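Everything below concerns the one structure shown next.
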Amino acid sequence: MPGLDGADAAFRRRPGPARPAWDVALDLGSARTRALLTGSGQVLDVPTVAFPDAGRHPVRRGAIVDEAGCAALLGRLLGHRLPRASRPLVVLTAPVLDLPAYRASARAVLEVLRPRGVLTVPGARAVAVAAGADLSRPLLVVDVGAHLTEVVLLDDGAVTDARRVALGTGDLGAVTPGDLVDAVTRMVAATLRQDEASLVPAALARGVLLAGGGALRPEITYRLTGRLHAPVHVVPAPHTAAVRGAARLLDAARLHPSTRGPGAAGPANMV
3 MPGLDGADAA FRRRPGPARP AWDVALDLGS ARTRALLTGS GQVLDVPTVA
53 FPDAGRHPVR RGAIVDEAGC AALLGRLLGH RLPRASRPLV VLTAPVLDLP
103 AYRASARAVL EVLRPRGVLT VPGARAVAVA AGADLSRPLL VVDVGAHLTE
153 VVLLDDGAVT DARRVALGTG DLGAVTPGDL VDAVTRMVAA TLRQDEASLV
203 PAALARGVLL AGGGALRPEI TYRLTGRLHA PVHVVPAPHT AAVRGAARLL
253 DAARLHPSTR GPGAAGPANM V
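Right, dumping it as structure tokens:
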């Protein structure tokens, strides 16, 4: 076979198009699980049940209560969508007040995806990132989910205070929209009382960021505006804001020390 001259050799060595990075942003809710694969850009949105015909709910009120069932859900949702030899980086949103326990459960659950690294990020921060909010200033995030509602105060992107109540839109019928608004108002008032740095007035002045399925209910948004005497800004597509924000954080996560090198498979906190 004739040898290659210099030009042909250089051409043959030229790299082809970059392959997509099949990393995963994940939001495990009590009612819905949402995942975004960066290789496709598609948000997957399914009920959080271990097996469709059994109706077992492996996540309750923001806590993973059935690790095996949760792993089965993720394997069914993502196993056939990820390339066989892939070792994805996973950014997982987590309830603010349960980060240590949540990370411990996530370690076992996410082994089904054979991740090269797992980073957890507070759900409120992911929501703020999805909204394109200015994180250099105080920000109050209200996330009204199906079975958990959180009020989180961020300053410079970090959580400075957080409160929650085990109620959400999935409880409507047993409670009213007014009950949910009352709960949020009480949490904001408690945060204001504990605010020694005077961050809450500044956050309320710029407006509350509202996410979760509750943000899709006009009666909640309207009542909350009146009760808080502050603008309420609904995040675009509020029910998927957390997973979309986590996907945007994946680029930064790829530079995180825990995701680099051969021994970088353990979960870590992303701050």
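Residues in the sequence shown are numbered from 3 upward in steps of one, following our numbering.
Don't be surprised by glycine CBs; every beta carbon is placed ideally from N, CA and C.
As the structure is a computational prediction, the values presented were derived from the model and not from experiment.
- A straight line joining the alpha-carbon of A73 with that of L211 spans about 32 angstroms.
- Cβ atoms of T193 and D157 stay farther apart than 8 angstroms, at about 12 angstroms.
- With 16 or more other Cβ atoms inside 10 Å of its own Cβ, H241 counts as buried.
- Taking 3 residues as the minimum length, the beta strand (DSSP E) runs contained wholly in the region 88 to 124 are 91 to 96, 119 to 124, in order along the chain.
- The C-beta distance from D25 to P90 rounds to 5 angstroms, short enough to meet the 8 angstroms contact threshold.
- About 15 angstroms separates the beta carbons of V245 and L75, which is beyond the 8 angstroms limit, so they are not a contact pair.
- For V183, the enclosing alpha helix (DSSP H) begins and ends at 179 to 196.
- Put simply, of Y104, M189, S107 the residue whose alpha carbon is nearest the alpha carbon of V146 is M189.
- DSSP places V45 in the strand class (E or B) of the three-state scheme.
- With a 10 Å radius around the Cβ and a threshold of 16 neighbouring Cβ atoms, G134 comes out exposed.
- Between S42 and L218, the alpha-carbon positions lie close to 26 angstroms from each other.
- Shown here, R165 sits in a strand according to DSSP, grouped into three states.
- Across the set A207, H82, V51, R166, the C-alpha of V51 shows the shortest separation from the C-alpha of V67.
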